[in-house]
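As given, the protein sequences belong to chains A and B, one line each in that order. The number in our numbering is simply the position in the first sequence, starting from 1, with 1 added. The number in our numbering is simply the position in the second sequence, starting from 1, with 747 added. Ideal placement from N, C-alpha and C gives every residue a C-beta, glycine not left out.
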Amino acid sequence: MLTESLAFEWVSAELEARTALSRIEARGTLRLVLKNVGLEPASVSVHQMQVVVERLLPAALGKRRVGEASALCRELAADLVAHAQQHAEVVAESAYDVFERMDSSRRSKP
Amino acid sequence: MKLLSLAGVVLFMLASLGVGVRLLALYARSRKLPELLLGSALLCVGFLAYAVGTAGKLLLEATPETRSLLTILGLSIECVGHLSLVAFSWRVFHPRSRAAAGFAVLLALFICGTLAAEVSSGQHLRYSDLEPISGPELPLALSARASAPAWMALECFRFHAQLRRRLAIGLADPLVVQRVLLWGVGIGASALAYAGTVAHRLVFGTGLRVHVWALSSVSVLGTIAAVCIGLAFFPPSAYRRWARRESMVDREHEP
């Protein structure tokens, strides 16, 4: 049963394909980076994953001796967005979405 | 003095009524289940159950049947509210977890089972009179009802810790992060009030109203809950500016 979000599945699969990391290493690295910023693989959205890949993943890959990690991550983030536009994912409502709405003025998302 | 010590409880009732009604109005527009669940919980637990329960307590001259009926009605409304709160915690924080679904069902059974036990034993009348309890039914039922807000408060604190980390990379609005904390503190204060009531029943056997200090303690918790829930849902402009400024200061101090 697929329990992780499509954004997590796609990025971890691409990491495995574009680097020398094994499937377990790629998924484990991504899980750790997400955990460090309070995100969960099961509910991470495309936008959140894009920010994580651009800003945090290069350092994590650098520690695992992946060459040109910054360029790789920039490319990965752009491809993720392009992929998401072609394959619109139905993202389940998150706890964040619920609490964002619970405001008397009910502002729209920034 | 007794009336003064009730001020916090009244404040909590008003906050529950105001926020509960607004959440149900949001549900009417959006048809989103979390708004319905939390709105119902606040209205039932924070306002309707208190109102009906207080009527039962004030009608000391009424027949035992009338007091019994009002108490059962108040307790049933309260339980509906707590069941809504349990459903909210499961639906919002762990919608895909079977373990959480199982926990929610167990909690619901605990709440309904203990309600049935206190009514069938006749101990529910101790809510409206000043006689001490003579069995474990009331403390058990109150503990069951305390577990619903306690679960939500714990989930809010856990989620708040996650959001603080997201805030550091700009993946969360500081106002939403503060809002989650306020709901946690507000609902947590409500759970603590239940815990205080359980402790009082276990030590003295009677309800809180025989001791002004006990009533005042719960009233303080009611005030905390009212202020937090009110601030979470109706944040004034000054508070919004403060929350955003604080988050910028925090981010500047990030290593």
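Any beta carbon from chain B within less than 8 Å of R56 (chain A)'s own beta carbon?
yes
Let me know the alpha helix (DSSP H) ranges lying completely inside the region 839-904 of chain B, each 4 residues or longer, listed in chain order.
845-867
For V67 (chain A), does the count of other Cβ atoms within 10 angstroms reach 16, so buried, or fall short, so exposed?
buried
Rounded to whole angstroms, what's the CA-CA distance from R843 (chain B) to F951 (chain B)? Just pull it up for me.
43 Å
For F951 (chain B), return the contacting residues in chain A, with the cut-off set at a CB-CB distance below 8 Å.
In chain order: nothing, as chain A lies at least about 38 Å away.
Work out the CA separation of S836 (chain B) and Y874 (chain B) for me, nearest whole Å.
28 Å
Going by Cα to Cα distance, which pick from B:R926, B:S868, B:V768, B:P886 is closest to F100 (chain A)?
B:R926
Step through the CB atoms of chain A and report whether any lies within less than 8 Å of the CB of P1002 (chain B).
Note that P1002 (chain B) scores a pLDDT of 48, beneath 50, so its modelled location is shaky; the value from the coordinates is reported in the next line. No - not a single Cβ of chain A is within 8 Å of the one on P1002 (chain B).
Suppose the cutoff is 6 Å on Cβ atoms and the five residues either side in sequence are ignored; what does the same chain contact list for L784 (chain B) look like?
S831, A834, F835
Do the region 850-861 of chain B and the region 907-917 of chain B make contact, defined as three or more Cβ pairs closer than 8 Å?
no
Residues that I916 (chain B) contacts on chain A, provided the C-beta gap is smaller than 8 Å:
V38, V52, V53, R56, L57
Kindly confirm or deny that the region 878-885 of chain B and the region 805-821 of chain B touch, where touching means at least three C-beta pairs closer than 8 Å.
no
Could you give the DSSP three-state label for H958 (chain B): helix, strand or coil?
coil
Examine the ligand SAH and report whether any of its heavy atoms sits within less than 7 Å of the Cβ of I976 (chain B).
Absence of the ligand SAH from the depicted structure is noted, as is the absence of any ligand whatsoever, leaving it without description.
Can you check whether the C-beta of P983 (chain B) is within less than 8 Å of a C-beta belonging to chain A?
no
Flag this pair as touching only if the region 795-809 of chain B and the region 858-871 of chain B have three or more C-beta atom pairs under 8 Å; answer yes or no.
no
On the DSSP letters alone, give me the boundaries of the alpha helix (DSSP H) that V923 (chain B) sits inside.
921-951
Which term fits G917 (chain B), buried or exposed, when burial requires 16 or more other beta carbons within 10 angstroms of its beta carbon?
exposed
In whole angstroms, what separates the C-alpha of F840 (chain B) from that of E902 (chain B)?
7 Å
Of the residues B:L928, B:M899, B:A961, the one placed nearest R990 (chain B), counting alpha carbons only
It should be noted that the sequence gives Ala, not Arg, for residue 990 (chain B). The residue with the shortest Cα to Cα distance from A990 (chain B) is B:L928.
Residue of A:E5, A:R28, A:S6 minimising C-alpha distance to A14 (chain A):
A:R28
Taking 8 Å as the CB-CB cut-off, is P781 (chain B) touching chain A?
yes
Using the Cα positions of W11 (chain A) and D920 (chain B), report the straight-line distance between them to the nearest angstrom.
26 Å
Take the Cβ of P896 (chain B) as the centre, count every other Cβ of all protein chains shown within 10 Å, and call the residue buried at 16 or more, exposed below.
buried
Could you compute how far the alpha carbon of F1010 (chain B) sits from the alpha carbon of R769 (chain B)?
The displayed coordinates of chain B run from 748 to 1002. Any statement about residue 1010 (chain B) would go beyond what the structure contains.
Consult DSSP for F981 (chain B) and reduce its assignment to one of helix, strand or coil.
coil
Start-to-end residues for the alpha helix (DSSP H) that takes in F100 (chain A):
96-102
R769 (chain B) touches chain A at which residues, Cβ-Cβ below 8 Å?
S105
Which one of A:R102, A:L81, A:K64, A:S106 has the shortest CA to CA distance from V53 (chain A)?
A:L81
Could you have a look at K779 (chain B) and say whether DSSP puts it in helix, strand or coil?
coil
Which value, in whole angstroms, describes the spacing of the CA atoms of V923 (chain B) and P811 (chain B)?
48 Å
Where R913 (chain B) falls: helix, strand or coil (DSSP)
helix
Which residues in chain B sit within 9 Å of A8 (chain A), going by Cβ to Cβ distance?
By Cβ distance, chain B contributes nothing, its closest Cβ being about 13 Å from A8 (chain A), past 9 Å.
Suppose you measure from the CA of G954 (chain B) to the CA of R948 (chain B); what does that come to, to the nearest Å?
6 Å
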